[in-house]
Amino acid sequence: MNKENLTVKDVAEYLNRSETTIYNMLNNGELPGIKLGGKWIVRKKDLDEFLNNMLAQQQN
Numbered sequence: 085m086n087k088e089n090l091t092v093k094d095v096a097e098y099l100n101r102s103e104t105t106i107y108n109m110l111n112n113g114e115l116p117g118i119k120l121g122g123k124w125i126v127r128k129k130d131l132d133e134f135l136n137n138m139l140a141q142q143q144n
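Each residue of the sequence shown is one higher than the one before, counting from 85 in this note's numbering.
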């Protein structure tokens with residue numbers, strides 16, 4: 085995925101999860117994102133950092 089900013093749909097496809105799950109994670113603060121004009125945006129670098137942190141936690 086080459087986009088710098090991702091939509092909820094992009095994130096759902098990237099993580100193989102439903103859009104509802106991604107919305108829940110964003111609303112609960114589990115996933116980093118910002119709301120612009122009523123729509124969630126996730127920066128690719130923040131998503132990659134989130135995934136790296138999750139992987140590190142699982143390995144410990």
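Cβ coordinates follow ideal geometry from the N, Cα and C atoms, glycine included.
Note that the C-beta distance between Leu90 and Ile125 is below 9 Å.
Judged by DSSP in its simplified three-state form, Asn136 adopts helix.
Per the coordinates, the alpha-carbon of Tyr107 lies some 23 Å from the alpha-carbon of Gln141. Where Lys93 is concerned, the enclosing alpha helix (DSSP H) starts and stops at Val92 to Leu99.
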